[in-house]
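Undergrad: Here it is: the structure, laid out below.
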Amino acid sequence: MIITCDTNSGPTCSCNTLSIALVVAAVLLLLRISIRKDQFNFLGREKVNSLHTAGLLMMKKDKQSDRTFKLAHQILSLTGISFERKSIIGFAELTIVPTREGLRTIRLNAKQCRVYRVVLNDTYEAPFQYFDPFLDICQGDSKTRVIESFSKCHIGAAQKVDPDLNAGELVINVPPEAFHLIGDGRGLRVGIEFSLEDPKAGMHFVVPEGEGTMVERAAHMYTQNYENSSRLWFPCVDSYAEPCTWKLEFTVDVDMIAISCGELVESVLTPDMRRKTYHYVVNTPVCAPNIAVAVGPFEVYVDPQMHEVTHFCLPGLMPLLKNTVRYMHEAFEYYEELLSTRFPYPCYKQVFVDEADSDVHAYATMTILSTNCLHSIAIIDETFISRKAMSKAIAEQFFGCFITMQNWSDTWLAKGIAEYLCGLYSKKCFGNNAYREWIQRELHEVVKYEEQFGGIILDCSTPPAPLPVANITSSPAPTAKTVENQHYFPVRNVHTISPKYMEIMRKKAHLIIRMLEHRIGQELLLQVLNKQLSLATNAASTKIGSRLWGHLLISTKTFNTAIYTVTGKDMSVFVDQWVRTGGHAKFTLTSIFNRKRNTIELELRQDCVNQKGVRKYVGPLLIQLQELDGTFKHTLQIENNVVKADITCHSKSRRNKKKKIPLCTGEEVDMDLSQMDESPVLWIRLDPEMTLMRATTIEQPDFQWQFQLRHERDVTAQLEAIVALEKYPSPATRIALTDTIENTKNFYRVRCEAAHCLTKVANQLVTSWQGPPAMLTLFRKFFGSFSAPHIIKQNNFTNFQHYFLQCTIPVAMAMLRNTHGICPQEVVKFLLDLFKYNDNTKNHYSDNYYRAALVDALGNSITPVVQMLQQGNKTITGENLSSDTKLILEEVTRILNLEKYLPSYKYSVSVSCLKVIRKLQKCGHLPSLPKIYRTYAEYGNYIDVRIAALECLVDFVKVDGRWEDFDHLLQIIEKDPDPAVRHALARLIIENPPFEKGHHHRLNKEELVERLWNDMNSEFSNDTRLRCDMVDMYYALYGTKRPSCMVMENDELAKMYRPQKVSTPVESIVPLKPSVEVEEDVKVKSEEVIEETVVPIDKVQDILVEPPKMEIEELQGADIIPLDEPMVIGEELIAQPSQGPVPVIQEKKPKMEYFSENSVSLPGVLVPPSGQQPTGFEPGMFNPTTSGGNQPHKHKRDSADERDSSGKDKAKKKKKDKKKHKHKHKKHKKSSADEKGERPKPDAGLF
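First residue of the sequence shown? That's 1 in the UniProt record's numbering, and the numbers climb one at a time after it.
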């Protein structure tokens, strides 16, 4: 059959979803049906049809449904699974019941699938059309390159195939001869034969290269759905609002296992005994997005504590699996006790796979996790991450899989409740301090995102009621539409939203659920959740015709109703204020003590209500005062932008009297009150329980922050005090931070943050600092030997607080700087001694993260080169490096070589080494060449190493701006086999773009615009997350306006984007002079040699020298191993002489770092020959694909890109600068711009 396209295949209906009303006997019959399409039991069909008719009559009494049918049951059979071709052949059958008479068109979801045949009731073939608007989002528009127009087309394409709007890619027309099947409302079975070849998303095949069978090579495949993306691997109704029962059948090789949702009924061998068929049944109604499958030679581990739980991992990882999941039964017990209900499914499965696009994906009765979550008992840091990820997946089984959202706008509930439950379990596992610090960190992330991109609306389906205003002059509250327009992407569909927005929205949803907990109380909130689960459990245990399956869906409206039913409180105002409205509040608090009245005069301001992401708050606000006689809480009613309040103090000042101060925890402590003024208030806190979405700024003296840091027991208050004390460098601050680090009763994260803060304070006090470098004495006190404190003790990480502190202090100390801006030599020697005396032989835990932290510390100690060589024929040797830099380079090289033979967990030390090498390049100690990073970024290396190398490449492109390097990165995004790497690289470029918006740059050209536009318009039609990543990248580079590099093809379009002229007085006009032209007499002859000049740091922009010819000689003591050769001590590596041009003085645009295009790469990290991979990686890792990007690229300058973009403004400024310029230049040739004394403006194209 020829598949035709129908561009009008997306009509929509009304948006009110009906509860499903079908009959008991239908499911009883369907559960007896075999999965194979030719083995249906037709017994009792007439009785079932009559019951279906009765169900339809009941439905007609309700309002009109979104869809013209309801889904009752679905069968999915995948038989031809081929790892060689990366393809599947399958059959899907949907049992639907029409909700209205005269059904003529059935719309389903199916992407990148080849549909061969559609059959109704095994008898009538039905014609169908397939149309995917994402294949060309901006259809026919070949000129517009504005992101605003793309967003309109983007949301239009998403709505054309939105299943909640009765739309889909696959449109099936009911033939006239089959009208009688649905005329009386009987159930209709729609069978679809399809195949899938080399899927780009939705289903991922991992086929390692090498010899042997697929089982021996551990080949496996699994589904990875980004939100509702099941349509990418089988035809379905891809909506969370359409749950149904399932029968699943998977035929695989006999040595492989198929794992899917539901209970495993049986596994049957095929007649040839070479394949096996696994039959799964899901009796609990489940929606299509929560269906998944994984096939591979997995090893099976049944949880010894709970036999209903089964874990699967790839061959050879069983020891790690057993350690990772040994505490998982505690999460089940905790959630069941907390929610007062049993786990909603009869079984649960965890499958650990390779190359997963995220650490965890939760589906009904199963979770697919990344093998990166596995760890041994010797690993400390990963334990926190893995346990939290797995507990979150279990929480999503309750809310997200069992109870799903009714519409996309209700997704905040399922995600927020699951995060809330996971937070409570984390609080039980890791303590209240870790929980509160996590809440504070999430709050800061949400606030930062909203202030940068705009407010996040959790439920955009219904506009909020207008907020009350204080008077008629006050501006009305912004509507949902106003806030939504702040974003450059549509927020009304999950397939058009930025992945970063989704990530932050999940965190904000968690915070809103936690705010709700404080409004109604934790006990009542848990009762509301229990009520939802009870209703859903009731509905799932009943049959189809009970019309109760609507209780399996949750929405903002039904949740608000449930709260009112349980608590009697109407939360409509809360929902309008925080759920249907985006943004957060921003407060600034100042206080003055009135001695005569013994009152504290507070002024609370909301000055930023007009800023992006900030909104006015109206309501109660808690202020907590710590006075001499105790802690006192006061609630202020916020109605205006400025609120003033006089609070009477409960105590009087007594600086000279010694008396213990009672704290809010009930304990009494002694304080040194000598620094206090006349106020009895020790410190002030604003919204201490974080019950609002807010950002706060509290202005109080430094001694109050020091009191808060020393004596407040809340970790969030201590962390706020540490941040504030960065602005108050003084000896008292130094002592307070030192005491905090030394106090073993403090939370370890507080002590670590205090160490970083002490570094910043010490750098500001460098001229008056006395004694050894900051924290050196503390470190030797905690970790030094008793007889020789300068020698560190053997590692003992049994005290986790000391372990994290031992990892943090060296990193913080490395940021110390002396008066010359250089890391003190004593600190560098201290860091190198830590490597020298590191002994982990008797430690029960691994020291890989500790060694990685020490490498990071070496990187932090590196400072830029002040003196630069300017002699073209001068050879660069190891003697040109300073002694400290030479020692650092030798140590990093030794560690990187050692990693190839003794790799650390997750190659964490290699990751740190790559970043240090990049910093050495940026600071001018090594030639800036990307070869090493390209080698480590190749497919086949461990993902953390690849991402670290890609991060260095992104920074390299930003600094050097070569098109060849940026093209290499774009090719990885477009073609790399690992989806996680593609997404991570896209986010790295977004966070660190190669050029800024609106700036002229050599990379800012039409070719790049067309490439990015093509990627997000059609190339990534099947990968929603990557497509939205490209939209974010396009915005990061060009903003919302048309790219400046695009040529205006007609006058009308040119006028729209032409800047408006501003009238200028004649007197202010200054004659323009060319600022970029190079005169002939300024050029340097090839025989001349440029004098060596010392360039001060503050004058580094006054002169720019083209990189000279360079050679690198072997450093003494630094034995380096090439990637493809074993270690050879004393082998000499000599670079080829440069053939570059003779350097000339550039009259414009300074360069901030030392660069040579002809220098060799760092010895030991040379590019291996074609077909070989870096040595030292784990067995079983994939061989890297042949990359053509390893050839060195010649650095070419584009004269057009080097022109000054400042234009008239810079010319006008010359005259003023000339008057102030009185110093004399050295006697060497300069450009006309230098002779006038002006400092050339740096060009983004050179950095």
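Beta carbons: idealized from backbone N, C-alpha and C, even for Gly.
Consult DSSP for S358 and reduce its assignment to one of helix, strand or coil.
TA: The count along the sequence shown starts at 1 and reaches residue 358 at position 358. Coil, per DSSP.
Undergrad: My understanding is that V642 touches E603, with C-beta atoms under 8 Å, so please give their C-beta distance in whole angstroms.
TA: What you label residue 642 is simply residue 642 of the sequence shown in a count that begins at 1. What you label residue 603 is simply residue 603 of the sequence shown in a count that begins at 1. Right, the Cβ-Cβ distance comes to about 7 Å (below 8 Å), so this counts as a contact.
Undergrad: Go through its chain and collect everything with a Cβ distance to Q801's Cβ below 6 Å, but skip five positions before and after it.
TA: Position 801 of the sequence shown holds residue 801. Hits under 6 Å: Y748.
Undergrad: If I follow the unbroken beta strand (DSSP E) through D646, where does it start and stop?
TA: Walking along the sequence shown from the start, residue 646 turns up at place 646. That run of the beta strand (DSSP E) goes 642-648.
Undergrad: Can you round the beta-carbon distance between S426 and A434 to whole angstroms, since I take them to be within the 8 Å contact cut?
TA: Within the sequence shown, the letter at position 426 stands for residue 426. Within the sequence shown, the letter at position 434 stands for residue 434. Indeed they touch by this definition, with Cβ atoms about 7 Å apart.
Undergrad: Taking Cβ to Cβ, would you say V750 is nearer than 9 Å to L719?
TA: Translated into positions along the sequence shown, residue 750 becomes position 750. Translated into positions along the sequence shown, residue 719 becomes position 719. Result yes, Cβ atoms of V750 and L719 sit closer than 9 Å.
Undergrad: Can you give me the C-alpha to C-alpha distance between T284 and L552, rounded to a whole angstrom?
TA: Numbered from 1 along the sequence shown, position 284 holds the residue referred to as residue 284. Numbered from 1 along the sequence shown, position 552 holds the residue referred to as residue 552. Taking the straight line joining both Cα atoms gives about 10 Å.
Undergrad: Assign K745 to one of two classes, buried (16 or more other C-beta atoms within 10 Å of its C-beta) or exposed (fewer than that).
TA: One-based indexing of the sequence shown puts residue 745 at position 745. Exposed: under 16 other Cβ atoms inside 10 Å.
Undergrad: Quick check on the DSSP output: the alpha helix (DSSP H) that includes I394 runs from which residue to which?
TA: Locating residue 394 in the sequence shown gives position 394, where the first residue counts as 1. 381-398 is the extent of the alpha helix (DSSP H) around I394.
Undergrad: What's the C-alpha gap between N763 and Y345?
TA: Position 763 of the sequence shown holds residue 763. Position 345 of the sequence shown holds residue 345. Their backbone Cα atoms lie some 58 Å apart in a straight line.
Undergrad: Contact criterion: CB-CB distance below 9 Å. Does Y803 meet it with respect to chain B?
TA: Structure shown: chain B not included; a single protein chain is present.
Undergrad: Given a threshold of 16 other Cβ atoms within 10 Å of its Cβ, counted over all protein chains shown, does G821 qualify as buried or as exposed?
TA: If you number the sequence shown from 1, residue 821 lands on position 821. So G821 counts as exposed.
Undergrad: For N228 and K644, I'd like the C-alpha separation in whole angstroms.
TA: The residue labelled residue 228 in the question sits at position 228 within the sequence shown. The residue labelled residue 644 in the question sits at position 644 within the sequence shown. If you take the alpha carbons of N228 and K644, they lie about 50 Å apart.
Undergrad: Alpha carbon to alpha carbon, what distance is there between S391 and C422?
TA: Position 422 of the sequence shown, counted from the first residue, corresponds to residue 422. Position 391 of the sequence shown, counted from the first residue, corresponds to residue 391. Approximately 6 Å between the Cα atoms of the pair.
Undergrad: If you drop the 5 nearest sequence neighbours on each side, which residues of the same chain put their C-beta closer than 7 Å to that of residue 1280?
TA: Residue 1280 lies beyond the range of the chain shown here (1 to 1247); nothing can be said about it.
Undergrad: Would I394 and F332 be called neighbours here (beta carbons separated by less than 9 Å)?
TA: In the sequence shown, counting from the first residue as 1, residue 394 sits at position 394. In the sequence shown, counting from the first residue as 1, residue 332 sits at position 332. Yes, these two residues count as a Cβ contact at 9 Å.
Undergrad: Looking at the secondary structure, which residues open and close the beta strand (DSSP E) in which V295 lies?
TA: Here the question's residue 295 lines up with position 295 in the sequence shown. Run containing V295: 293-296, per the beta strand (DSSP E) assignment.
Undergrad: If you scan the region 144-227 from start to end, which runs of the alpha helix (DSSP H) of 4 or more residues do you find wholly inside it?
TA: The qualifying runs are 147-160, 179-183.
Undergrad: To which residues of the same chain is K200 closer than 7 Å at the C-beta, ignoring the five residues directly before and after it?
TA: As a first step, residue 200 is located in the sequence shown; it is residue number 200 there, counting from the start. Once the five neighbours on either side are set aside, the close Cβ partners of K200 are Q112, N1022, D1023.
Undergrad: Kindly indicate which three-state DSSP category C236 falls into: helix, strand or coil?
TA: Looking up residue 236 in the sequence shown gives position 236. The answer is strand: DSSP assigns C236 an E or B state.
Undergrad: Using the C-alpha atoms, what's the distance from F587 back to Q224?
TA: The count along the sequence shown starts at 1 and reaches residue 224 at position 224. The count along the sequence shown starts at 1 and reaches residue 587 at position 587. Distance between the alpha carbons of Q224 and F587 is about 42 Å.
Undergrad: Thinking G613 and E450 are a contact (beta carbons under 8 Å), I'd like their distance in whole angstroms, please.
TA: One-based indexing of the sequence shown puts residue 613 at position 613. One-based indexing of the sequence shown puts residue 450 at position 450. Confirmed, about 3 Å.
Undergrad: DSSP state of Q129, grouped into three classes?
TA: Start at 1 with the first residue of the sequence shown, and residue 129 comes out as number 129. Correct three-state label for Q129: strand.
Undergrad: In this structure, how does DSSP classify D702 when only helix, strand and coil are distinguished?
TA: Position 702 of the sequence shown, counting from 1, holds the residue named residue 702. D702: helix per DSSP, three-state reduction.
Undergrad: For the beta strand (DSSP E) holding A241, just list the boundary residues, first then last.
TA: Counting from one through the sequence shown, the residue named residue 241 turns up at place 241. Element bounds for A241: n/a, residue is neither H nor E.
Undergrad: Buried or exposed for E249, going by 16 or more other Cβ atoms inside 10 Å?
TA: As a position in the sequence shown, residue 249 is number 249, starting the count at 1. When all chains shown are included, E249 counts as buried.
Undergrad: Between Q770, G454, N530, which has its C-alpha nearest N610's C-alpha?
TA: Counting from 1 along the sequence shown, the entry for residue 610 is found at position 610. Taking only the C-alpha atoms, the option nearest N610 is G454.
Undergrad: Check whether the Cβ atoms of Y849 and S910 lie closer than 9 Å to each other.
TA: Residue numbering aside, residue 849 sits at position 849 when the sequence shown is read from its first letter. Residue numbering aside, residue 910 sits at position 910 when the sequence shown is read from its first letter. No, they are not a contact pair.
Undergrad: Relative to the C-alpha of M813, which candidate in A857, R780, S239 has its C-alpha closest?
TA: Mapped onto the sequence shown, residue 813 falls at position 813. Out of A857, R780, S239, A857 has the C-alpha closest to the C-alpha of M813.
Undergrad: Please report the residue range of the beta strand (DSSP E) in which K428 lies.
TA: Stepping through the sequence shown from its first residue, residue 428 is reached at position 428. K428 -> not in any beta strand (DSSP E); alpha helix (DSSP H) instead, spanning 411-430.
Undergrad: Among all the DSSP beta bridges, which residues are the ones paired with Y124?
TA: Position 124 of the sequence shown, counted from the start, is the residue given in the question as residue 124. According to DSSP, which records beta bridges pairwise, Y124 is partnered with L120.
Undergrad: Check V282 in the structure and name its three-state DSSP category.
TA: Locating residue 282 in the sequence shown gives position 282, counting from the first residue. Three-state DSSP puts V282 in a strand.
Undergrad: Using the three-state DSSP reduction, which class does G568 fall into: helix, strand or coil?
TA: Position 568 of the sequence shown, counted from the start, is the residue given in the question as residue 568. It is coil, neither helix nor strand.
Undergrad: State the start and end residues of the unbroken alpha helix (DSSP H) segment that holds A724.
TA: Residue numbering aside, residue 724 sits at position 724 when the sequence shown is read from its first letter. It spans 715-725 - the alpha helix (DSSP H) in which A724 sits, taken as one unbroken run.
Undergrad: Sorted by chain position, which residues of the same chain lie with C-beta nearer than 7 Å to M502's C-beta, five sequence neighbours on each side aside?
TA: By one-based count along the sequence shown, residue 502 stands at place 502. Nothing meets the Cβ criterion.
Undergrad: In whole angstroms, give me the CA-to-CA distance for E1006 and L970.
TA: Position 1006 of the sequence shown, counted from the first residue, corresponds to residue 1006. Position 970 of the sequence shown, counted from the first residue, corresponds to residue 970. Those two C-alpha atoms are separated by around 15 Å.
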